[in-house]
Each structure stands twice: as structure tokens, then as C-alpha cells.
């Protein structure tokens, strides 16, 4: 953006919600960010580039960390107006129009940061920022798919959805680092196929096993690779590959 970037106020978010509910036809309502009746100053001069195309959600998260570096992370973490305004800036990548000009609009909390903290991880802007900030390169497990098609920013990710409601996993750097080591394809740097299923050794099963471990082990104090070595046999398919790649 060449002009001052502003965040949405309550009126701006309400109008954006109305536009989404009506089908999100036409261009994204970027004008809401310039109107004093629907926006407010952010306190720092930042200039998000609306025309920048991102290759994947990890790259997007890295960009957001740099863009938002003037801010105190704790102060903006729950700033609904800021995250929602950024969703408008890159809305065409989150919700692209098809050949017929129509958009496939998902749940509102994908674009407007929910008041319910349990949905924070589902926001398409805040999540990449938070996850890359917390986990660095290991966040690729949560942000990338085994392969990306067109418009990778619109994909929330099945692995993130399975782990997002388990804060003891999502908030733990050692656990995410070990999960990344366990499930990432060493060649592509992306999650391996089959990781996000519900079968034996899947991410879903890992979360359940870790909850059981919580009674006797503390992942926060373990050395790299130690947690993987404790996993039961159902994870052998993944542990063997991880150990071979080490």
C-alpha cells in the first residue's frame, strides 16, 4: 500500500462481515482501510504490499514477522482490527474469484479474527505470523501441505486443524520441532503424505500419545530425538525415516 496503512474499527469489521455474508462479490473492500469512519491508526508506519504473491504460507508468515516487527507481539496478538485489515489487503489470495467471477467464501473466522480465542489458529493471517514466530522453520509442518496447487494461502491445513485445539502441543517448541522431524519429507521439506489421516502413527494419534506421556515425561526438557525414541511401535514407519535422515 502506498498510503498509510490503517486497521479496521468495529464499524469497519461489521461492514466487511456484511460483504462476506453477501457473497464477497467484486473487489475486496480495501476502501474501508482509508475511511476514518471504518478505520483507525495503527501507531506505526507499515506498508503491506497488496500485489505481492506468496509461494506458500511459511513465506507469508516470514513476511508478516518482518512487516509487523515495529509492534509489540503481545500487544497485537489479539488485535482483531489489525489482523482483519491485513486479510483485506491480501483477500484475493485467501479467497480468489473463479472463472465465473464468484468466490468460495469460507467461515468468517478465516478472515475476521474471532472473539473466541479457540478460533485464533484458524485465521488465515494471524496463524502464519504466530506459528513462524513461535516455531521458526519447524512451523512448515503446520503451514504447508505435501504439495500446493494454486492459491496456497487459502489452505488452512489439515495438520494445523488437528493440532490447533491442543494448546499443549501447538504452544510447545520442543514438541513441534520433534513432530516436524518425525513427519517432514527430508527431500521436499514438506509434510509426508498420510500424516494428517486418523490411522496409526498419524498426527492425530501423536497428540493423544503425548497427552498420555504428559503424566510421566516432560517434552520441554528432552533433547532432540529423545521424544521420538519413546514413541510406540505404531509410529515406526515415521521414526525409521526420521532417524535415517538424521
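Numbering (my numbering), first residue to last: 1 to 246. The C-beta atom is built at its ideal place from N, Cα and C for all residues, glycine as well.
Runs of alpha helix (DSSP H) wholly within the stretch 130 to 157 (minimum 4 residues, chain order): 140 to 143
Secondary structure, alpha helix (DSSP H): runs of 4+ residues fully inside the stretch 171 to 236: 173 to 183, 203 to 213 and 226 to 230
Reduced DSSP category for residue 6 - H, G, I as helix; E, B as strand; rest coil: strand
Among 94, 195 and 206, nearest to residue 169 - alpha-carbon criterion: 206
Residue of 61, 22, 77 and 85 minimising C-alpha distance to residue 31: 85
Rounded separation between residue 82 and residue 51 - CA only: 19 Å
Euclidean distance between Cα positions of residue 26 and residue 216: 55 Å
For residue 85, the first and last residue of its enclosing alpha helix (DSSP H): 80 to 89
Those residues which DSSP pairs with residue 97 across a bridge: 103
DSSP state of residue 69 mapped onto helix, strand, coil: coil
Beta-ladder partner(s) of residue 40, from DSSP: 7
Contact under 8 Å by Cβ, residue 159 with residue 196: yes
Neighbour-count burial assignment, residue 7, 16 or more Cβ in a 10 Å radius: buried
Proximity of residue 180 and residue 233 at Cβ, strictly below 8 Å: no
Whole-angstrom distance between residue 64 and residue 70, CA atom to CA atom: 11 Å
Per-residue DSSP class, three states only, for residue 34: coil
Neighbourhood of residue 9 by C-beta, 7 Å cutoff - its chain only, sequence neighbours within 5 removed: 38, 39, 40 and 81
Beta-carbon gap between residue 165 and residue 143 smaller than 8 Å: no
Three-state secondary structure (DSSP) of residue 92: helix
Buried versus exposed call for residue 240 [16 or more other C-beta atoms within 10 Å across all chains shown]: exposed
Exposure of residue 135, with buried meaning 16 or more beta-carbon neighbours within 10 Å: buried
Residue 243: CB within 7 Å of a non-hydrogen atom of the ligand ADP: Because no ligand of any kind appears in the structure shown, any question about the ligand ADP cannot be addressed here.
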